[in-house]
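Below: one structure, written as structure tokens.
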Amino acid sequence: MRKLSIVIFCLLATAFSSCKKFEHFQTDPNKPTQSTPELLLTNIETKAFNDISTSGAFASRYLVNTDGIDANQYYNWQRSSFDDFNRLRLVVKMEEEATRTNQPVYLALGKFFRAWFFMRLTLTFGDIPYSEALKGAAENFTPIYDKQEDIFLNILNELKSASDQLAAADGEIRGDVIYGGKKEQWKRLINSFSLRVLISLSQKEGNAKLKVKERFAEIVNNPAKYPLMNGTTDNGQLVFADLQDNRYPYYNNNSMQTAFYLEENFVNLLKQYKDPRLFRFAQKATKFASLPDNDFSAYGGAKGSATIDENNSRVVNGEVSKIAKRYYNDPVNEPSIVLGYAELQFILAEAVVRGWISGNAADFYKKGIQASMEFCKIAPADITAYLSQPSVQLTTGKELEGIFNQKYIGFFMNSGWQVFYEQRRTGLPVFDVSGNGVLNNKKVPRRWMYPESELNLNRQHVSDAITRQYPQGDNINGVMWLLVKE
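Numbered by mature numbering (1 follows the signal peptide of the UniProt record, and there is no 0), the letters in the sequence shown go through residues -19 to -1, 1 to 467 in order.
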């Protein structure tokens, strides 16, 4: 009888355990499904702010690669990726966790990072999924593509909301490796980024929907509500450390040590201005090794448009300067700036010249140069001497050329592809395509083609977007809405 009771008990226990939902057995207790917003924030920040790109440097005529035919240098790239949507999914998760734990300060930062990553995506391709993006949980795996105009409008509104929400939000920002939890500095970055977005719309001054000039002036003329960066200490930047996975991205990079040289036109621009930043960016050419480090004639460049054979010949002759050793020898080197005080000053100078705001363009321009040179650790006396040179002063009627040249110099090995987008918008400085190495019919591309995965998984919507934007099909020379004057 006792044995029978035991058997019956076991059967009952099994029956009750089988009533548990199937989902219960799909949860791995060793893999948590929840996180904290601060941990997610750290991850998001490092992905957004570590934006040092030699690919962008080749395309923007800063550097030349002598190891092989680089598609960026020779303007023959094709497709890019939607990887930033993976980063946006982290932002969504941070927002969910912020809501769950009642920490609204992270919701404000979430709006900023949404704007940040969506901006990068639309600058790359043109129209992209936006209103229906990031809804895989709702089983929408084929989102429509929103028009670039609507995306920009939403980005601007998102940033304004982020600034207002951050001002009102209580609570600490933990997990912040950029500003150490200082909300005021985040507000300055958000508002300064809004100005970058607006100046990128300079071709759309006449667009009644966007009201670019009015939005720009609203921010600049109300510093109490919309504070901007006050100095280089407000730079939006990621500082590196001599620790595993935290070092400068090109530390110990073999290609940078052996095959990365400065581009000739960039070197000549620095020489034209007698710019001491050249000595921080480059090594002396071996042919002139006996000359002092601060002798401009000791530096030379290779042509980004020339063939590899032509450039290697000049390298063998000792005529060309390698990139400075600190970029591959120093594990910390310099921070990765994604948006800095120097850029903000150049944006303000351009806005004055365009008549969007009042002020003195030359003052903003010189503040931008000084901030850039301070970042490059140029001695104060040398900065003062540089700013007094006649060649550095803004020339009447050519103010934008001077501003864009200095902005270009200040972007060296920083801010990812932003310098390329600036040149695409303004045409300045001119990127050389005269040499025999340039592909793409000797044209600088205007965009990237959509990922192959979209053609496989979301063909109808991506095809509609291509037809709407690019009559010649999905190609790297298509002119997106952003670049068409209104």
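Ideal Cβ placement from N, Cα and C applies to all residues, glycine included.
For the options V443, D226 and A150, the alpha carbon positioned closest to that of G91 is the one of A150.
With contacts defined as CB atoms closer than 8 Å, A352 and A323 qualify as a contacting pair.
According to the DSSP assignment, N46 belongs to the beta strand (DSSP E) that extends over L44 to N46. Residue range G217 to L219 is occupied by the beta strand (DSSP E) that includes G217. Residue state for K192 is assigned as coil, using DSSP reduced to three classes. Per DSSP, the unbroken alpha helix (DSSP H) holding V86 starts and ends at P85 to F106.
With a 10 Å radius around the Cβ and a threshold of 16 neighbouring Cβ atoms, N53 comes out buried. DSSP places D127 within a strand segment (E or B) once states are collapsed to three. When secondary structure is reduced to three states using DSSP, M354 falls in the helix class.
Under the 8 Å Cβ criterion, the region 279 to 288 counts as touching the region 406 to 426, having at least three qualifying pairs. For the pair L140 and A96, the CB atoms are nearer than the 8 Å cut-off.
Note that the region 338 to 350 touches the region 373 to 380; at least 3 beta-carbon pairs, one per stretch, sit closer than 8 Å. In the three-state reduction of the DSSP assignment, F133 falls in the helix class. G299 and M354 have their alpha carbons spaced roughly 28 Å apart. Beta bridge pairing from DSSP links S317 with L219. Short of 7 Å from the beta carbon of K255, and not among the five residues preceding or following it, lie these beta carbons of its own chain, in chain order: F277 and Q370.
The residue among Y87, I447, F63 and S62 with its C-alpha nearest the C-alpha of K74 is Y87.
Along the length of the region 261 to 318, whole alpha helix (DSSP H) runs at least 4 residues long occupy 289 to 297 and 307 to 310, reported in chain order.
With a beta-carbon spacing of about 14 Å, F269 and L243 fall beyond the 8 Å limit used to define contacts. Going by DSSP, F241 is part of the beta strand (DSSP E) stretching over F241 to L243. Partner residues in the beta bridge of R60, as assigned by DSSP, are M430.
Collapsing the DSSP output to three states places I359 in coil.
Take the alpha-carbon of V373 and the one of G107: they are about 36 Å apart. In this structure, A29 lies near V319, with their beta-carbon atoms less than 8 Å apart. When rounded, the separation of the alpha-carbon atoms in V313 and D226 is 11 Å.
A check of alpha carbon separations from T214 across M430, P316 and S444 identifies P316 as the nearest.
Sixteen is the threshold: when 16 or more other Cβ atoms of the shown chains lie within 10 Å of the Cβ of G397, as they do, the residue is buried. As a beta-bridge residue in DSSP terms, I109 pairs with D127. Around the beta carbon of R449, fewer than 16 other beta carbons lie within 10 angstroms, which makes this residue exposed. The beta carbons of R196 and L170 sit no closer together than 8 Å. CA-to-CA, the gap between I132 and K348 works out to about 32 Å. According to the DSSP assignment, N386 belongs to the alpha helix (DSSP H) that extends over E380 to G391. Fewer than three Cβ pairs drawn from the region 225 to 241 and the region 181 to 190 lie within less than 8 Å of each other, which leaves the two stretches out of contact.
Using a C-beta cut-off of 8 Å, the region 420 to 433 makes contact with the region 58 to 77, since at least three inter-stretch Cβ pairs fall below that distance. For E153, there is no enclosing alpha helix (DSSP H), as DSSP marks it with neither H nor E. DSSP places S181 outside both helix and strand once states are collapsed to three, so it counts as coil.
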